[in-house]
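Below is one structure, written out as structure tokens; the observations come after it.
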DNA sequence: GTCTATATACCGATAGAC
DNA sequence: GTCTATCGGTATATAGAC
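Residue numbers (our numbering), protein chains in the order written: chain A, 189 to 383; chain B, 189 to 383.
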């Protein structure tokens with residue numbers, strides 16, 4: 189597939205399939221998954237809806253292509269947790285890995301954070317463990333036998349790391365190193381009880 | 189179904205209009221605003237879609253009836269900020285008022301947090317300042333002339349307070365007093381640079 | 001206030017020509 | 001790979017009887 193002139197907008201080196209995914213990320217992030225029609229995605233790419241279906245079998249398949257890499261990273265981390273003993277050091281390591289993983293998926297961050305219901309609705313059947321993963325992460329973070337305050341602090345710490353997914357909006361020019369350092373420190377301080 | 193004097197039919201002390209709103213909150217929170225049809229809302233109440241339109245002029249009007257109280261509280265706080273000088277004490281007071289306000293709207297918390305894009309899309313024209321309010325709050329919290337780290341810490345602190353809106357999921361049985369105390373302390377610790 | 005019935009529009013998805 | 005054309009379904013919203 190080479191670059192084309194006229195109404196075609198395919199850039200050399202980037203396949204139509206990738207262009208569709210990128211346009212969909214942009215659209216889904218601003219308008220939401222359900223609020224965006226495949227006709228709008230196709231228009232943004234410069235093709236028709238029928239052509240889009242040549243590359244993706246369904247709207248959900250397109251969403252999966254967008255979400256799956258981040259989802260796989262998150263699952264890989266969560267499934268390790270059972271074998272990691274809960275200690276101040278391991279907490280720091282797990283949080284570091286998590287915030288690092290989130291930063292590497294920043295482009296789809298807003299989509300994940302602000303359109304969660306639609307995504308869960310669309311992918312809930314395909315990934316039944318989707319909801320449980322966040323819960324397991326919070327639970328491990330709180331530690332065994334955690335009381336209500338500790339559980340709440342763990343949930344709040346996860347919220348802090350969620351700020352990484354929206355850092356393109358809040359601090360667009362900040363380096364990943366700064367974001368990782370600051371959010372890790374912030375999350376750790378949330379986990380500590382009042383001084 | 190006992191009719192009462194004046195306008196409005198009352199079922200067990202609750203008007204049909206209120207019943208519609210409550211059913212919509214429940215449905216929108218679990219399925220999302222756009223994924224929920226007015227037919228589903230009407231079915232949950234036990235009326236038809238056409239009857240629902242007698243009480244609410246449109247789907248967006250129904251959403252407004254749900255969201256507006258929280259939105260008004262938030263705006264009232266944000267519009268005071270210009271006159272509040274930035275000090276450790278005023279930061280604590282503003283955060284306290286904000287988390288208190290959020291806790292009082294916990295029933296629509298999940299809807300606001302997990303379906304933001306759909307809500308902004310539906311109400312964006314009606315409330316143009318919706319997006320800006322969060323930004324102004326973050327900016328005030330960071331203080332005048334804030335650098336990137338401080339700005340990021342302010343955004344993360346706001347994320348922590350957002351945990352209040354999902355506390356029904358994370359710590360269903362916790363008291364409002366506990367949640368308010370813990371999240372306020374957590375948010376304040378996020379704002380402080382590394383020790 | 002609630003109903004039945006319907007207008008109108010757009011959606012996801014498919015068929016088949018080129 | 002991309003197109004035109006269309007199917008079947010469902011959505012919001014309305015009209016008018018009771």
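Virtual Cβ for every residue (Gly too), placed ideally from N, Cα, C.
{"Item": "9 Å Cβ cut-off: residues of chain A touching residue 313/B", "Value": "By Cβ distance, chain A contributes nothing, its closest Cβ being about 14 Å from residue 313/B, past 9 Å."}
{"Item": "Test: residue 294/B CB closer than 9 Å to a CB of chain A", "Value": "no"}
{"Item": "Whole-angstrom C-beta distance between residue 307/A and residue 255/A, which should lie under 8 Å", "Value": "7 Å"}
{"Item": "Beta-carbon proximity list for residue 243/B, same chain, < 7 Å, skipping 5 on both sides", "Value": "204, 205, 208"}
{"Item": "Coil, strand or helix - residue 358/B by DSSP", "Value": "helix"}
{"Item": "Endpoints, alpha helix (DSSP H) assigned at residue 241/B", "Value": "237–243"}
{"Item": "Residue 324/A - DSSP class collapsed to helix/strand/coil", "Value": "helix"}
{"Item": "Buried/exposed call for residue 373/A, threshold 16 Cβ in 10 Å", "Value": "buried"}
{"Item": "Start and end residues, alpha helix (DSSP H) containing residue 231/A", "Value": "226–233"}
{"Item": "For residue 252/B, the first and last residue of its enclosing alpha helix (DSSP H)", "Value": "247–268"}
{"Item": "Nearest neighbour of residue 280/B, chosen from 350/B, 375/B, 381/B [CA to CA]", "Value": "375/B"}
{"Item": "Straight-line gap, residue 273/A to residue 326/A (C-alpha atoms, nearest Å)", "Value": "14 Å"}
{"Item": "Integer-rounded CB distance, given that residue 344/B should sit under 8 Å from residue 371/A", "Value": "6 Å"}
{"Item": "Interface residues of the stretch 349–363 of chain A facing chain B [CB-CB below 8 Å]", "Value": "350, 351, 354, 355, 358, 359, 361, 362"}
{"Item": "Nearest-angstrom Cα separation, counted from residue 296/B out to residue 225/B", "Value": "18 Å"}
{"Item": "Residue nearest to residue 266/A in terms of C-alpha spacing, selected from 252/A, 253/A, 282/A", "Value": "282/A"}
{"Item": "Neighbour list for residue 226/B in chain A, Cβ cutoff strictly below 7 Å", "Value": "Ordered by position in chain A, no residue passes the 7 Å Cβ test against residue 226/B, which lies about 15 Å from the chain."}
{"Item": "Residue 300/B: contacting residues in chain A (beta-carbon distance under 7 Å)", "Value": "Correct list: empty, because the minimum Cβ distance to chain A is about 10 Å."}
{"Item": "Exposed unless 16 or more other CB atoms sit within 10 angstroms - verdict on residue 278/A", "Value": "exposed"}
{"Item": "6 Å CB neighbourhood of residue 299/B in its chain, flanking five on each side removed", "Value": "216, 217"}
{"Item": "Beta-carbon spacing of residue 350/B, residue 214/A below 9 Å", "Value": "no"}
{"Item": "Any C-beta of chain A under 9 Å from that of residue 280/B", "Value": "no"}
{"Item": "C-beta neighbour in chain B for residue 217/A, strict 9 Å", "Value": "yes"}
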